[in-house]
Structures are given as C-alpha cells and as structure tokens.
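Since the structure comes first, as structure tokens, the remarks are kept for the end.
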Amino acid sequence: MRRLMSLVLLSLLCLSGVILPGTGVAEAGAADVARATGLRFGLHPDKTRLAIDLDRRVDFRAFTLSGPDRVVIDFRGLDWQILDRGENDGAGLIARYRVGLFEPGVYRMVLDLTQPSQIDAMFVLPAQDGMPPRFVVDLSRTTPQAFAKATLKGEPEDRFDGTKVAAASPSAASQTLSAAPALPDAVKPRQRADGRRVVAIDAGHGGIDPGAIGISGVQEKSITLAFAKALAVELEKTGRYKPVLTRDRDIFIRLRDRVSIARAADAELFISIHADSVGNPRTRGLSIYTLSERASDGVAAELADSENKADLIAGVDLSTESAEVTSILIDLARRETMNLSARFAGHIIGQVQPHTELLRKPVRSAGFAVLKAPDMPSVLIETGFLSNRQDEKVLQDPSHRSRLVRGMVSAVDQFFAAEQTWSRL
410 MRRLMSLVLL
420 SLLCLSGVIL
430 PGTGVAEAGA
440 ADVARATGLR
450 FGLHPDKTRL
460 AIDLDRRVDF
470 RAFTLSGPDR
480 VVIDFRGLDW
490 QILDRGENDG
500 AGLIARYRVG
510 LFEPGVYRMV
520 LDLTQPSQID
530 AMFVLPAQDG
540 MPPRFVVDLS
550 RTTPQAFAKA
560 TLKGEPEDRF
570 DGTKVAAASP
580 SAASQTLSAA
590 PALPDAVKPR
600 QRADGRRVVA
610 IDAGHGGIDP
620 GAIGISGVQE
630 KSITLAFAKA
640 LAVELEKTGR
650 YKPVLTRDRD
660 IFIRLRDRVS
670 IARAADAELF
680 ISIHADSVGN
690 PRTRGLSIYT
700 LSERASDGVA
710 AELADSENKA
720 DLIAGVDLST
730 ESAEVTSILI
740 DLARRETMNL
750 SARFAGHIIG
760 QVQPHTELLR
770 KPVRSAGFAV
780 LKAPDMPSVL
790 IETGFLSNRQ
800 DEKVLQDPSH
810 RSRLVRGMVS
820 AVDQFFAAEQ
830 TWSRL
C-alpha cells in the first residue's frame, strides 16, 4: 500500500509540473553575470517608470498577480547585491518593491502596486549619451477587470528573452523553466548501501520570502537555516543518518518542491523548522505541528494558513494551483503515517523540554502544505516566537540552538528505534 501511494503521489507531482531546485536555470558564471548599479523612478500624470542601471544587457520575464496586485519580474544572470535590501519604498503606482533569489541564477523582483496597473512597455536600453544600459518598465493605470483578465493564475511563460512580458494564455501559465526531472521509481524503493536512514530537514522560508520578522529585525529565514544546518551536522555525526536539506542557502523554494526534494531522496522522516510571530509579545515557547484535515485550534489554523500562503510572496499561488492535488493527498494521508508523525512529535517534546520554554499545549495539528506527503512521517517545529524578546534572543544563541538540536537527534533515535520494534511485531 505504501508503495502504491508513493507511485500515485509522484505521478501527481509530475503532472503538476514540479521542478526540483537546481534543475532549472543553471548558476551563471561570474563572467556572465550582469550587475545592477542603481534604481530610480520616473513619475508622470498617467504612468510610472522604473529604471534600473546595469553594466550590460540582461534577460528577463514578467507577469502580474492579484490579491494583492503585483508585477513580478524575473532576471537571469543579474547580480542584485547593491539593491537587495529587503523591502523598499516605491513611488507612483509602485507602493514598494523587494528583490530576492528565486532559484539558482534567477533573481525575482516583486512590485506591490497601489492600484491595478498594466505593463505598457518593458525593455533594456543600450548604453548611450553617457548613460549605462538600463532596464525599463512602464506601468499605467488600468481597470480591475482589465487587470484580472491579464493576470496569470500560475507562473510566467517559459521565456527569458523579454519578447513577451505580461498577457499569456492559460496553458502558458503551467509551463516552467525546464521540463520536470525524472523522479525516482517509487514501486521499488531504493535502499542505502550504508544502511543509514534518510532524514529530510526543511528550513522554512528563504530568498524573497523572509518569514516572520523579529523585534530587532532578525528574519525567520535566517533562524531556520541556522537550525537546519546545525541539525544536519549532528545527524551526520552519528553515522546512522543521511540528512537532506531542502535548502542550504538563502533561496526561495516552493512548498510543494520541499516535499518533492524529500521524496526524491527517499526520506523516511521530514522535519520542517520555523519560528513564529504573533501580536501578543508575551507569547513564547516551542511547539510542534502535525498534519490534520482540521486544525486543532484557531491559532493552529491561522498559522497554517499563513505558512501555506508563503508561495504567494514569490508570485506562485499554491493554494489555487494545487487544490485538486491537495485534496487527493489528504485522502491518501493514511492513519498510520499521521500516527507516526504524532509519535515523533511526542519524542521531540520529551527531549527538548528540559532545554527550552514550551508553548501551552505544545503538540498541535493543522493543514500545513509541507506535511502532506501520505507515507512520510512529517512534523513542523515552531522553535519559538520572534515577537517575544526572550525567544528572539535565545533563538539566535548558538548554545541554545545546539541543545535543541541534540534533543532533536535523540528524538530521531527514539523514533526509528520504536519503528524497528513495531516492524518486528
């Protein structure tokens, strides 16, 4: 049954056009990378111009998204270091903009709009009259109806030559940077020759999606990556496990792809690491979430909704794109896997309790997108609250992180020891 479920899931992922990080646009060599040296706005009564100074031409593509209204522009082979400063104020029709690494070799720029706007023109001007090459996009006001009609409901066209920038047919929205890679054969799972168990570690958020922002400005994506790397090192040290990171640097990865990376590696356990933020600054403590069709409480439901919408920040509406697949995955999430996930969550709480504050009722459940693999026990760990000064401080403390990570490794040991015991009964 587990093998059949694996085959069905992988077939669904193939049909939905999953791309694993690193299989799309290749990393650009240093000699091929253009550099952005400046950015400015031009305001006119009926339009707004965004101009970016470059040292050479660059490939780009663009599309629009609603809810909220945005223009999304991808640049291939462009060094954004001078301009990559988180969220920045815009002007005119552009309320604000942000830039982040979307995937290897591709930076994504998101323009939040003050009102529905259309792309009138988008091009690269050659160097002339003492001015450097410039990327230019002109926006003008449009009606909500016209904006909705032009807006893609998925992803940009499979083009980077800049010849098509906005409107596209529905079929084009389902295209991706490259064909989906061949996924592993799920009918006969591979066995590691060294006998190590594979554990997938998912550092939440990344790239253009910073996640929660702490009181001091620390970003969740940095906290989660530090935890994920530390956990991978400790698991590797035991000699019993092969850790697989869904991301090992500051890069955006879609929620569905995080699960796909784990599946492609034949992971037997999936650990997603996060840090929360809420309006009450007194709320603090670690908590663990497992998958449930119904959230265990209102807080769990709100958190799951927030995390599941992370892809929207990068212009990919996962909730609408994969509604059918999501419902099938929920149906396939057998009681055995959910029970194993809950059991693993209990092991973690038992091991980390002496080393950290726990949220009241620390084991909870909700419909997190990254926990929906039907035959891979999965948990999402909220390591603490960046909206609480004490939690924010300890989450940045390497010694505190080490204590939690050692507890997690012990929990992994307990989980697999119990799993082996049950398999012999």
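Using the numbering used here, the first residue of the sequence shown is number 410, and each one after it goes up by one.
All residues carry an ideal CB built from backbone N, CA and C; glycine is no exception.
Contacts around residue 693, its chain only, beta-carbon distance under 7 angstroms, and the 5 residues preceding and following it disregarded: Walking along the sequence shown from the start, residue 693 turns up at place 284. If you ignore the 5 residues before and after residue 693, its C-beta comes within less than 7 angstroms of the C-beta of 766, 793, 794, 797, 799, 800, all in its own chain and listed in chain order.
From 667, 473, 536, 516, residue whose alpha carbon lies closest to that of residue 522: Stepping through the sequence shown from its first residue, residue 522 is reached at position 113. Minimum Cα distance to residue 522 is reached at 473.
For residue 498, the residue or residues it bridges with in DSSP: To locate residue 498, count along the sequence shown from 1; it is residue 89. As DSSP reads the structure, residue 498 sits in a beta bridge with 505.
Contacts around residue 809, its chain only, beta-carbon distance under 8 angstroms, and the 5 residues preceding and following it disregarded: As a position in the sequence shown, residue 809 is number 400, starting the count at 1. Cβ within range, chain order: 764, 765, 803.
Limits of the alpha helix (DSSP H) - the one that residue 526 falls within: Here residue 526 refers to the residue found at position 117 when the sequence shown is read from its first residue. Looking at the DSSP string, residue 526 is not in any alpha helix (DSSP H); the run it does join, the beta strand (DSSP E), is 526–534.
Stretch pair the segment 640–654 + the segment 526–536: three plus CB contacts closer than 8 angstroms: In this structure the segment 640–654 does not lie against the segment 526–536, because fewer than three pairs of beta carbons, one per stretch, are closer than 8 angstroms.
C-beta neighbour in chain B for residue 814, strict 8 angstroms: Here chain B cannot be found, since the structure has a single protein chain.
Backbone CA spacing between residue 705 and residue 772 [nearest angstrom]: Taking the first residue of the sequence shown as position 1, residue 705 is located at position 296. Taking the first residue of the sequence shown as position 1, residue 772 is located at position 363. In this predicted model, residue 705 has a pLDDT of only 47, less than 50, meaning its place in the structure is not dependable; the value taken from the coordinates is given anyway. One C-alpha to the other measures close to 9 angstroms.
Close beta carbons around residue 502, own chain, < 8 angstroms, minus the five adjacent residues each side: As a first step, residue 502 is located in the sequence shown; it is residue number 93 there, counting from the start. If we look at residue 502 and ignore the five residues flanking it on each side, its Cβ neighbours are 456, 457, 522, 523, 524, 526, 548, 549, 550.
Endpoints, the alpha helix (DSSP H) within which residue 517 is located: Locating residue 517 in the sequence shown gives position 108, where the first residue counts as 1. No alpha helix (DSSP H) holds residue 517; the beta strand (DSSP E) holding it covers 515–522.
Secondary structure, beta strand (DSSP E): runs of 3+ residues fully inside the segment 781–809: Listed in chain order, they are 787–794.
Residues of its chain near residue 676, where Cβ-Cβ distance is below 7 angstroms and the 5 sequence neighbours each way are ignored: Translated into positions along the sequence shown, residue 676 becomes position 267. For residue 676, where only same-chain residues beyond five positions count, the Cβ hits under 7 angstroms are 607, 608, 609, 653, 785.
Beta-carbon proximity of residue 542 to residue 470, cut-off 8 angstroms: Here residue 542 corresponds to residue number 133 of the sequence shown, with the count starting at 1. Here residue 470 corresponds to residue number 61 of the sequence shown, with the count starting at 1. In this structure, residue 470 does not lie closer than 8 angstroms to residue 542 by Cβ.
Under the three-state DSSP convention, the category residue 652 falls into: By 1-based counting over the sequence shown, the position of residue 652 is 243. Three-state DSSP puts residue 652 in a strand.
Neighbour-count burial assignment, residue 570, 16 or more Cβ in a 10 Å radius: The residue you call residue 570 lines up with position 161 of the sequence shown. Residue placement at residue 570 is flagged as unreliable, the pLDDT there being 49, under the threshold of 50; the coordinate-derived value follows with that caveat. Answer is exposed; the Cβ neighbour count stays below 16.
Euclidean distance between Cα positions of residue 664 and residue 678: In the sequence shown, residue 664 corresponds to position 255, counting from 1. In the sequence shown, residue 678 corresponds to position 269, counting from 1. Answer to the nearest angstrom: the Cα atoms are 16 angstroms apart.
Contacting residues, own chain, Cβ-Cβ under 7 angstroms from residue 504 (five flanking each side not counted): Within the sequence shown, residue 504 is the residue found at index 95, counting from 1. The answer, listed in chain order, is 521, 522, 523.
CB-CB length for residue 634 against residue 544, believed under 8 angstroms: In the sequence shown, counting from the first residue as 1, residue 634 sits at position 225. In the sequence shown, counting from the first residue as 1, residue 544 sits at position 135. A Cβ-Cβ distance of about 30 angstroms is found for the pair residue 634 and residue 544, leaving them out of contact under the 8 angstroms criterion.
Segment limits, alpha helix (DSSP H) that includes residue 665: Along the sequence shown, one-based indexing puts residue 665 at 256. Note, residue 665: alpha helix (DSSP H), 664–673.
For residue 699, the first and last residue of its enclosing beta strand (DSSP E): For the purposes of this step, residue 699 is identified with residue 290 of the sequence shown, where counting begins at 1. Where residue 699 is concerned, the enclosing beta strand (DSSP E) stretches over 695–700.
Residue 771, DSSP secondary structure in three states: Counting from 1 along the sequence shown, the entry for residue 771 is found at position 362. Three-state DSSP puts residue 771 in a strand.
Distance, residue 517 Cα to residue 479 Cα: Taking the first residue of the sequence shown as 1, we reach residue 479 at position 70. Taking the first residue of the sequence shown as 1, we reach residue 517 at position 108. Cα-Cα distance, rounded: 12 angstroms.
CA nearest to the CA of residue 761, picked from 818, 749, 497: Translated into the one-based positions of the sequence shown, residue 761 becomes position 352. Among 818, 749, 497, the Cα nearest to that of residue 761 belongs to 818.
Between the CA atoms of residue 816 and residue 519 - distance to the nearest angstrom: Sequence index remark: in the sequence shown, residue 519 carries index 110 (1-based). Sequence index remark: in the sequence shown, residue 816 carries index 407 (1-based). Rounded to the nearest angstrom, the two C-alpha atoms are 39 angstroms apart.
Beta-carbon contacts of residue 769 that lie in its chain and below 8 angstroms, excluding the five residues immediately before and after: Along the sequence shown, one-based indexing puts residue 769 at 360. Cβ within range, chain order: 694.
Spatially closest choice to residue 672 from 648, 611, 556, by CA coordinates: Translated into positions along the sequence shown, residue 672 becomes position 263. When C-alpha distances from residue 672 are compared across 648, 611, 556, the shortest belongs to 611.
As assigned by DSSP and simplified to three states, the class of residue 643: By one-based count along the sequence shown, residue 643 stands at place 234. Residue 643: helix per DSSP, three-state reduction.
Residue 822 - DSSP class collapsed to helix/strand/coil: Within the sequence shown, the letter at position 413 stands for residue 822. Taken through DSSP and simplified to helix, strand or coil, residue 822 comes out as helix.
Residue 677 in three-state terms, based on DSSP: Numbered from its first residue, the sequence shown carries residue 677 at position 268. Looking at residue 677 - three-state DSSP - the assignment turns out to be coil, as it is neither helix nor strand.
8 angstroms Cβ cutoff met for residue 629 and residue 696: Here the question's residue 629 lines up with position 220 in the sequence shown. Here the question's residue 696 lines up with position 287 in the sequence shown. Going by C-beta atoms, residue 629 is not nearer than 8 angstroms to residue 696.
Nearest-angstrom beta carbon gap, residue 699 and residue 780 [assumed within contact, 8 angstroms]: Counting from 1 along the sequence shown, the entry for residue 780 is found at position 371. Counting from 1 along the sequence shown, the entry for residue 699 is found at position 290. Your pair residue 780 and residue 699 checks out as a contact, with CB atoms roughly 7 angstroms apart and the cut at 8 angstroms.
C-beta atoms of residue 837 and residue 445 nearer than 8 angstroms: The displayed coordinates of the chain run from 410 to 834. Any statement about residue 837 would go beyond what the structure contains.
Beta-carbon proximity check, residue 661 vs residue 777, cutoff 8 angstroms: Here residue 661 corresponds to residue number 252 of the sequence shown, with the count starting at 1. Here residue 777 corresponds to residue number 368 of the sequence shown, with the count starting at 1. Going by beta carbons, residue 661 and residue 777 fall outside the 8 angstroms limit.
Distance, residue 632 Cα to residue 624 Cα: For this step, residue 624 is matched to residue 215 along the sequence shown. For this step, residue 632 is matched to residue 223 along the sequence shown. As the crow flies, the alpha-carbon of residue 624 is around 14 angstroms from that of residue 632.
Best match in 686, 757, 617, 499 for proximity to residue 452 [C-alpha to C-alpha]: Within the sequence shown, numbered from 1, the residue matching residue 452 stands at position 43. Looking at the Cα atoms, 499 is the closest of the given residues.
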